[in-house]
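Colleague:
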Amino acid sequence: MININRYHNKNKRFGAKTPLLFIASCACICILISFQTLASSSGFFAPGKQSSGKGGSVLGGLSPTEDEFDGGTIALGSTGQALTLFRNEGGRPVNIKGIKLYPSSTVSASISLNECSGIPLPGGAECPIVVSIKGLQDGAWRVEMLIQHDGRSQLTKATLKGDVDAGDSTGQNVLSDVESIPDKVDFGSLSSSQPLIKSIILRNVTATPLTIKAVKIKSSSQSGYRLDHDCEELQPSQACLATITWAPQQAGQSDGVIIVEHTGSSKIASIPLMGKFTPDTATVATIFPNVVPGRGLLVSSQEAIDFASGIENEASISVSLVNVGDSDLKLNSLSLSGTDNGMSILGKGCKEGTILRPIEACPLTLRWVPVREGSILDDLQIEHDGARGILVVPVRGNATKGVSKESQAIVEHAGIVQRIYKKTDALAGFIITSHSIKKAIISGPGGSRIIKHNIPVVIGGVEWNITLKRTGIEFKNGTDKVSLLFDRSLSSSGSSSTSSSRSSSTSSSDSQ
């Protein structure tokens, strides 16, 4: 403290006013000292001016080792790394609380390495921070870095600068704020009709959040492109996924472009889209299709059912129908293309409604009782709910003579009559060779026989009630009815031919 009385006694010659002048001088000195003390706090000067600059602040704290860090030259579209160093100029440890980057519009910036955070930085120690810089537009670039800490200044500023080089290209080149990985979608050449799917990643390469307003495809209506995505809000460095499905509708080149509309500075991004459809030449379908995942696939143990030649009596052949797919398969119907050749499907084994599990099989038996001499060209048709939906197996054979229907057997088991073929098949191969109102002659397998009106006759093991009509003969057994029609031209011409045209119709269901 200053001794006011001492100065008063020593300077009496100044008079009564001297103490007052001395007191005023002391007050000015105290105010100046207080002002200098307060000036050292962060409230009077910009924090950057206290802590930034080579050598740091006289009061200590975190400061950059350079006034401006040189980030060098970065190629347009590429990413470079810029190193910054910071030193603790104070005597006590400093904790880093946060780092914020403010890049110019020509680049995007992000922290790739931070050795200053995590543990307190001791006094006099240095730590590095590496910043990733991506060139978006050719020209000079600048990034301001603000670091929050618990040192005296509380805030430290550092500057990075450099240039973006466009290489050999001329003019101003601008990259979108949204990066596409890959930068183009090429489906190549497609020859099959199976759709192809590819994906792209859309990434926010800026330091600010972006909103994806729309992602769409511009191409011709016949190109067959379809796009799905879940892109909405993208934070810095955040990415989203979009998928493109290509199902071309016509042959040739199918080009287009994916357009991404966003809220970044460039507002839009585009990704080229291309593919070429060269369909294979159509070929004859094989009897068995290829395996289709998730579907049943019906195959036969034989690609063709061949009764060979020289058949004179009844003949039967059995084949196995196998489900070689990976799902259950249901047989909807089994039928033959021909109806008047003595070929029939036995009602045991494979039948309508049979369900075959994967790798399961059932037997199918074809029975052939030739109704006339010669070859047969028939097909077995099996409809199912598996791949392709139908299986067609050729049926071939050659008979040297027809087999008589008179000896056909009827099997009775446990009181139930089970015929081994349809009742209407008993009349297969018969034609009318002579006709009148009271009697007629029919010819078929085994020879000819006389038919009389209202007199029952047994043919093929079935008893038929006979009705002679002007147009032909009606055979009836229960609810089953077969009509043989007579060709009137035979009687008018007096021809002795044993051939005639005929047709047959069956009412109700055939008994098995």
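Adding 602 to a residue's 1-based position in the sequence shown gives its number in our numbering. Here a beta-carbon is modelled for each residue, glycine too, at the ideal position from N, C-alpha and C.
1) Could you check whether SER902 and VAL995 sit closer than 9 Å to each other, using their CB atoms as the reference points?
2) Mind listing, in chain order, the continuous alpha helix (DSSP H) runs of no fewer than 4 residues lying wholly within the region 1030 to 1093?
3) Reducing DSSP to helix, strand and coil, say where ALA844 ends up.
4) When DSSP builds the beta bridges, which residues end up paired with THR761?
5) Which of the three DSSP states is assigned to ALA1028 in this structure?
6) So, helix, strand or coil for VAL995, using DSSP?
7) Terminal residues of the continuous beta strand (DSSP E) containing CYS729?
8) Would you call THR880 buried or exposed, if buried means 16 or more other Cβ atoms sit within 10 Å of its Cβ?
9) How many whole angstroms separate the CB atoms of SER706 and ARG744, which I take to be in contact at a CB cut-off of 8 Å?
10) Would ILE907 and ARG998 be called neighbours here (beta carbons separated by less than 9 Å)?
11) Going by DSSP, which residues form a beta bridge with GLY854?
12) Taking the Cβ atom as the reference point for each residue, do ILE947 and LEU958 lie within a distance shorter than 9 Å?
13) When the distance is taken between beta carbons, is ASP779 closer than 9 Å to SER868?
14) Could you round the C-beta distance between GLU1032 and LEU1070 to whole angstroms and report it? I think they count as a contact, below 8 Å.
15) Any idea which residues DSSP pairs GLN983 with across the strands?
16) Is it buried or exposed, ALA760, if we count other Cβ atoms within 10 angstroms and call 16 or more buried?
17) Our contact map puts PHE688 next to ILE735 with C-beta atoms below 8 Å; I'd like the distance itself, whole angstroms only.
18) What residue does the beta strand (DSSP E) around GLU781 start on, and which one ends it?
19) Check whether the Cβ atoms of GLY898 and GLY927 lie closer than 9 Å to each other.
20) In three-state DSSP terms, what is ALA963?
21) Which class does ASN1183 belong to by DSSP, given the choice of helix, strand or coil?
22) Just to confirm, are GLY753 and GLY674 a CB contact at a threshold of 9 Å?
23) Go through its chain and collect everything with a Cβ distance to SER712's Cβ below 8 Å, but skip five positions before and after it.
24) Please report the distance separating the alpha-carbon of ILE961 from that of GLY896.
25) With a CB to CB cut of under 6 Å and the five nearest residues on each side skipped, what residues in its chain are close to ALA684?
26) Can you name the residues that DSSP bridges to GLU916?
27) DSSP beta-bridge partners for PHE688?
28) Cα separation between ASP767 and ASP740?
29) Beta-carbon within less than 8 Å of GLU835's beta-carbon, same chain only, minus the 5 sequence neighbours each way: which residues are those?
30) Comparing the CB of SER939 with every heavy atom of the ligand NAD, is any distance shorter than 8 Å?
31) Pull up the DSSP beta-bridge partners for GLN683, would you.
32) Look at ILE846 and VAL787 and say whether their C-beta atoms are less than 9 Å apart.
33) Measure the C-alpha to C-alpha separation of GLY976 and PHE909 and round it to an integer number of angstroms.
34) What residue from PHE789, LEU798 and ASP832 has the CA that sits closest to ARG805's CA?
35) Hey, would you say LEU748 sits closer than 9 Å to THR708, going by beta carbons?
36) Enumerate in chain order the residues of its own chain whose CB-to-CB distance from GLY726 is below 7 Å, with the five nearest sequence positions on each side excluded.
Modeller: Taking the definition as stated:
1) To locate residue 995, count along the sequence shown from 1; it is residue 393. To locate residue 902, count along the sequence shown from 1; it is residue 300. The answer is yes: Cβ separation under 9 Å.
2) none
3) To locate residue 844, count along the sequence shown from 1; it is residue 242. The answer is strand: DSSP assigns ALA844 an E or B state.
4) As a first step, residue 761 must be located in the sequence shown, where it is residue number 159. Bridge partners of THR761: GLU746.
5) Locating residue 1028 in the sequence shown gives position 426, counting from the first residue. It is helical.
6) Working through the sequence shown from its first residue, we reach residue 995 at position 393. In the structure shown, VAL995 sits in a strand (DSSP, three-state: E or B).
7) Taking the first residue of the sequence shown as position 1, residue 729 is located at position 127. Looking at the DSSP string, the run of the beta strand (DSSP E) that includes CYS729 is 728 to 737.
8) Working through the sequence shown from its first residue, we reach residue 880 at position 278. It is exposed - the Cβ of THR880 has fewer than 16 other Cβ atoms within 10 Å.
9) As a working note, residue 706 is residue 104 in the sequence shown. As a working note, residue 744 is residue 142 in the sequence shown. About 5 Å separates the two Cβ atoms, so the contact holds.
10) Translated into the one-based positions of the sequence shown, residue 907 becomes position 305. Translated into the one-based positions of the sequence shown, residue 998 becomes position 396. Yes, these two residues count as a Cβ contact at 9 Å.
11) Here residue 854 refers to the residue found at position 252 when the sequence shown is read from its first residue. DSSP lists PHE879 as partners of GLY854.
12) Locating residue 947 in the sequence shown gives position 345, counting from the first residue. Locating residue 958 in the sequence shown gives position 356, counting from the first residue. It is not a contact, given that the beta carbons lie outside the stated cut-off.
13) Reading the sequence shown from its first residue, position 266 is the one you call residue 868. Reading the sequence shown from its first residue, position 177 is the one you call residue 779. Yes, the pair counts as a contact, with Cβ atoms nearer than the cut-off.
14) If you number the sequence shown from 1, residue 1032 lands on position 430. If you number the sequence shown from 1, residue 1070 lands on position 468. Contrary to the premise, residue 1032 reads as Phe rather than Glu in this sequence. Incorrect: roughly 15 Å between the Cβ atoms, too far for contact.
15) As a position in the sequence shown, residue 983 is number 381, starting the count at 1. Looking at the DSSP assignment, GLN983 forms a beta bridge with SER937 and VAL994.
16) Counting from one through the sequence shown, the residue named residue 760 turns up at place 158. ALA760 should be labelled buried.
17) Your numbering for residue 688 matches position 86 in the sequence shown. Your numbering for residue 735 matches position 133 in the sequence shown. Not quite, the Cβ-Cβ distance comes to about 18 Å (not below 8 Å), so this is no contact.
18) In the sequence shown, the residue the question calls residue 781 occupies position 179. 780 to 783 is the span of the beta strand (DSSP E), which, as asked, contains GLU781.
19) Position 296 of the sequence shown, counted from the first residue, corresponds to residue 898. Position 325 of the sequence shown, counted from the first residue, corresponds to residue 927. In contact: GLY898 and GLY927 (Cβ atoms closer than 9 Å).
20) If you number the sequence shown from 1, residue 963 lands on position 361. In this structure, ALA963 counts as strand in the three-state DSSP scheme.
21) No information on residue 1183 is available, as it lies outside the stretch 603 to 1114 that the chain covers here.
22) As a first step, residue 753 is located in the sequence shown; it is residue number 151 there, counting from the start. As a first step, residue 674 is located in the sequence shown; it is residue number 72 there, counting from the start. Taking 9 Å as the Cβ cut-off, GLY753 and GLY674 do not qualify as a contacting pair.
23) Taking the sequence shown and counting its residues from 1, the one referred to as residue 712 is at position 110. Around SER712: LEU703, VAL733, SER734, ALA809, PRO838 and SER839.
24) Counting from one through the sequence shown, the residue named residue 961 turns up at place 359. Counting from one through the sequence shown, the residue named residue 896 turns up at place 294. Between ILE961 and GLY896, the C-alpha separation is close to 14 Å.
25) The count along the sequence shown starts at 1 and reaches residue 684 at position 82. Answer for ALA684: GLY673, VAL733, ILE735 and LEU762, listed in chain order.
26) Taking the first residue of the sequence shown as 1, we reach residue 916 at position 314. For GLU916, which the question treats as bridged, DSSP gives no partner whatsoever.
27) As a first step, residue 688 is located in the sequence shown; it is residue number 86 there, counting from the start. Its beta-bridge partners are PRO666 and CYS729.
28) Taking the first residue of the sequence shown as 1, we reach residue 767 at position 165. Taking the first residue of the sequence shown as 1, we reach residue 740 at position 138. Each residue's Cα considered, the two are about 5 Å apart.
29) What you label residue 835 is simply residue 233 of the sequence shown in a count that begins at 1. Only PRO811, LEU812, THR813 and ILE814 meet the Cβ criterion.
30) The ligand NAD is absent from the structure shown, which contains no ligands of any kind.
31) Mapped onto the sequence shown, residue 683 falls at position 81. DSSP, once it has assigned bridges, lists SER734 as partnering GLN683.
32) Counted from its first residue, the sequence shown places residue 846 at position 244. Counted from its first residue, the sequence shown places residue 787 at position 185. Contact flag set, yes.
33) Start at 1 with the first residue of the sequence shown, and residue 976 comes out as number 374. Start at 1 with the first residue of the sequence shown, and residue 909 comes out as number 307. Taking the straight line from one Cα to the other gives about 12 Å.
34) Residue mapping note: residue 805 aligns to position 203 of the sequence shown, counting from 1. Residue ASP832 is the option with its Cα nearest to ARG805.
35) Mapped onto the sequence shown, residue 748 falls at position 146. Mapped onto the sequence shown, residue 708 falls at position 106. Contact: no.
36) In the sequence shown, counting from the first residue as 1, residue 726 sits at position 124. Taken in chain order, the residues that qualify are ASN690.
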